[in-house]
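Going by UniProt numbering, the sequence shown opens with residue 1, and the numbers climb by one from there.
Ideal placement from N, C-alpha and C gives every residue a C-beta, glycine not left out.
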Amino acid sequence: MDKLTEKDANFQLKANTQKEVLQQLAQLAFERGKVADAQTFYQELCKREEESTTGFGNGVAIPHARHSIVKEAGVLVARTDNDIEWNALDDEPVNVFICLIAPDDQNDFHLKTLSKISRRLIHDDFIDTLKHASQPEVLEEINQIIV
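Right, here's the structure in full:
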(Lines of atoms letter the chains of each structure in order from A and count residues from 1; the text may use other names and numbers.)
(Lines give C-alpha, C1' and ligand atoms only; values in the text may rest on other atoms or scores of the structure.)
Protein backbone atom coordinates (compact mmCIF):
# COMPACT_ATOMS: atom_id res chain seq x y z
CA MET A 1 0.00 0.00 0.00
CA ASP A 2 1.21 3.48 -0.84
CA LYS A 3 1.59 6.23 1.73
CA LEU A 4 -1.45 8.36 2.38
CA THR A 5 -1.61 11.70 0.60
CA GLU A 6 -3.92 14.69 0.86
CA LYS A 7 -6.14 13.01 -1.74
CA ASP A 8 -6.84 10.26 0.83
CA ALA A 9 -8.24 12.71 3.36
CA ASN A 10 -11.17 15.04 3.86
CA PHE A 11 -10.90 17.19 6.97
CA GLN A 12 -13.97 19.25 6.05
CA LEU A 13 -16.39 16.34 5.75
CA LYS A 14 -19.96 17.67 5.85
CA ALA A 15 -22.26 15.11 7.44
CA ASN A 16 -24.85 14.90 10.18
CA THR A 17 -25.38 11.15 10.45
CA GLN A 18 -23.35 7.96 10.44
CA LYS A 19 -24.86 6.95 7.10
CA GLU A 20 -23.86 10.28 5.53
CA VAL A 21 -20.28 9.79 6.74
CA LEU A 22 -20.18 6.25 5.35
CA GLN A 23 -21.65 7.41 2.00
CA GLN A 24 -18.99 10.08 1.66
CA LEU A 25 -16.18 7.71 2.62
CA ALA A 26 -17.43 5.21 0.03
CA GLN A 27 -17.58 7.96 -2.59
CA LEU A 28 -14.02 9.07 -1.73
CA ALA A 29 -12.86 5.44 -2.02
CA PHE A 30 -14.43 5.32 -5.48
CA GLU A 31 -12.91 8.65 -6.54
CA ARG A 32 -9.49 7.43 -5.39
CA GLY A 33 -9.88 4.30 -7.53
CA LYS A 34 -9.86 1.99 -4.50
CA VAL A 35 -13.30 0.51 -5.19
CA ALA A 36 -15.19 -0.27 -8.40
CA ASP A 37 -18.57 0.81 -7.02
CA ALA A 38 -19.27 3.38 -4.30
CA GLN A 39 -22.79 2.15 -3.53
CA THR A 40 -21.71 -1.45 -2.95
CA PHE A 41 -18.83 -0.35 -0.73
CA TYR A 42 -21.21 1.91 1.22
CA GLN A 43 -23.54 -1.06 1.77
CA GLU A 44 -20.60 -3.14 3.01
CA LEU A 45 -19.58 -0.40 5.45
CA CYS A 46 -23.17 -0.26 6.74
CA LYS A 47 -23.31 -4.05 7.03
CA ARG A 48 -20.14 -3.98 9.14
CA GLU A 49 -21.64 -1.36 11.47
CA GLU A 50 -24.70 -3.58 11.94
CA GLU A 51 -22.44 -6.43 13.12
CA SER A 52 -20.80 -4.24 15.78
CA THR A 53 -19.77 -0.64 16.10
CA THR A 54 -16.52 0.62 14.67
CA GLY A 55 -16.62 3.55 17.10
CA PHE A 56 -13.62 2.81 19.29
CA GLY A 57 -14.14 5.73 21.67
CA ASN A 58 -12.52 9.10 22.29
CA GLY A 59 -14.30 10.47 19.23
CA VAL A 60 -12.69 8.05 16.75
CA ALA A 61 -14.29 5.44 14.48
CA ILE A 62 -12.57 2.99 12.15
CA PRO A 63 -15.20 1.97 9.60
CA HIS A 64 -13.92 -0.86 7.45
CA ALA A 65 -14.96 -3.47 4.95
CA ARG A 66 -13.55 -6.20 2.74
CA HIS A 67 -15.25 -6.95 -0.57
CA SER A 68 -14.58 -8.19 -4.08
CA ILE A 69 -15.33 -4.72 -5.54
CA VAL A 70 -12.23 -3.36 -3.78
CA LYS A 71 -9.53 -2.88 -6.40
CA GLU A 72 -6.76 -1.75 -4.07
CA ALA A 73 -6.25 -1.86 -0.30
CA GLY A 74 -6.14 1.53 1.31
CA VAL A 75 -6.87 3.90 4.14
CA LEU A 76 -8.89 7.12 4.12
CA VAL A 77 -9.02 9.73 6.87
CA ALA A 78 -11.78 12.22 7.54
CA ARG A 79 -12.86 14.70 10.17
CA THR A 80 -16.07 16.60 10.75
CA ASP A 81 -16.48 19.89 12.60
CA ASN A 82 -19.57 18.50 14.30
CA ASP A 83 -19.98 15.36 16.38
CA ILE A 84 -21.72 12.35 14.81
CA GLU A 85 -23.70 9.81 16.85
CA TRP A 86 -21.97 6.49 16.17
CA ASN A 87 -22.96 4.07 18.94
CA ALA A 88 -19.29 4.06 19.97
CA LEU A 89 -17.98 1.81 22.70
CA ASP A 90 -17.83 4.77 25.12
CA ASP A 91 -21.30 6.02 24.03
CA GLU A 92 -19.74 9.33 22.94
CA PRO A 93 -20.12 10.90 19.49
CA VAL A 94 -17.38 10.68 16.83
CA ASN A 95 -15.71 13.26 14.59
CA VAL A 96 -12.58 11.42 13.34
CA PHE A 97 -12.88 8.57 10.84
CA ILE A 98 -10.15 6.22 9.63
CA CYS A 99 -11.64 4.04 6.90
CA LEU A 100 -9.95 0.77 5.98
CA ILE A 101 -10.52 -0.66 2.52
CA ALA A 102 -9.48 -4.22 1.68
CA PRO A 103 -10.07 -6.71 -1.09
CA ASP A 104 -11.67 -10.02 -0.12
CA ASP A 105 -8.36 -11.80 -0.44
CA GLN A 106 -6.38 -9.42 1.78
CA ASN A 107 -7.63 -10.23 5.26
CA ASP A 108 -4.03 -9.99 6.48
CA PHE A 109 -3.79 -6.29 5.50
CA HIS A 110 -7.19 -5.60 6.97
CA LEU A 111 -6.52 -7.21 10.37
CA LYS A 112 -2.94 -5.95 10.73
CA THR A 113 -3.85 -2.38 9.87
CA LEU A 114 -6.88 -2.39 12.14
CA SER A 115 -4.76 -3.80 14.96
CA LYS A 116 -1.96 -1.26 14.50
CA ILE A 117 -4.31 1.71 14.50
CA SER A 118 -6.52 0.48 17.35
CA ARG A 119 -3.47 -0.10 19.57
CA ARG A 120 -2.51 3.55 19.12
CA LEU A 121 -5.98 4.71 20.17
CA ILE A 122 -5.14 4.18 23.83
CA HIS A 123 -2.54 6.96 23.64
CA ASP A 124 -3.86 10.44 24.40
CA ASP A 125 -1.21 12.11 22.23
CA PHE A 126 -2.34 10.10 19.21
CA ILE A 127 -6.01 10.99 19.83
CA ASP A 128 -5.03 14.64 20.21
CA THR A 129 -3.14 14.54 16.90
CA LEU A 130 -6.10 12.94 15.11
CA LYS A 131 -8.53 15.51 16.48
CA HIS A 132 -6.54 18.73 16.39
CA ALA A 133 -3.42 18.51 14.23
CA SER A 134 -3.17 19.72 10.65
CA GLN A 135 -4.00 17.36 7.82
CA PRO A 136 -0.31 16.82 6.87
CA GLU A 137 0.56 16.03 10.51
CA VAL A 138 -2.27 13.51 10.83
CA LEU A 139 -1.37 11.83 7.55
CA GLU A 140 2.28 11.58 8.59
CA GLU A 141 1.30 10.05 11.94
CA ILE A 142 -0.92 7.44 10.28
CA ASN A 143 1.70 6.71 7.62
CA GLN A 144 4.20 5.91 10.37
CA ILE A 145 1.76 3.36 11.75
CA ILE A 146 0.61 1.62 8.59
CA VAL A 147 3.68 1.57 6.36
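Counting C-beta neighbours from all protein chains within 10 Å, is the total for residue i 16 or more, i.e. buried, or is it exposed?
{"i": "THR17", "result": "exposed"}
{"i": "ILE101", "result": "buried"}
{"i": "HIS110", "result": "buried"}
For residue i, I'd like the list of residues in its chain whose CB is within less than 7 Å of its CB, leaving aside the five on either flank, ordered along the chain.
{"i": "GLN23", "result": "TYR42"}
What residues match up with residue i in a beta bridge as DSSP calls it?
{"i": "ILE101", "result": "ALA65 and GLY74"}
{"i": "VAL60", "result": "GLY57 and VAL96"}
Using only the alpha-carbon positions, how far apart do residue i and residue j sit?
{"i": "GLY33", "j": "LEU121", "result": "28 Å"}
{"i": "ALA133", "j": "VAL96", "result": "12 Å"}
{"i": "THR5", "j": "LEU139", "result": "7 Å"}
{"i": "ILE84", "j": "ALA26", "result": "17 Å"}
{"i": "LYS112", "j": "VAL147", "result": "11 Å"}
{"i": "THR40", "j": "PHE126", "result": "32 Å"}
Helix or strand or just coil, what does DSSP make of residue i?
{"i": "ASP81", "result": "strand"}
{"i": "LEU13", "result": "strand"}
{"i": "VAL96", "result": "strand"}
{"i": "VAL138", "result": "helix"}
{"i": "VAL35", "result": "strand"}
Leaving out five residues on either side along the sequence, give the residues of the same chain with a beta carbon under 8 Å from the beta carbon of residue i.
{"i": "ASP104", "result": "ARG66, HIS67, SER68 and VAL70"}
Among residues of its own chain, excluding the 5 on either side of residue i, which ones have a beta-carbon nearer than 6 Å to its beta-carbon?
{"i": "ASP37", "result": "ILE69"}
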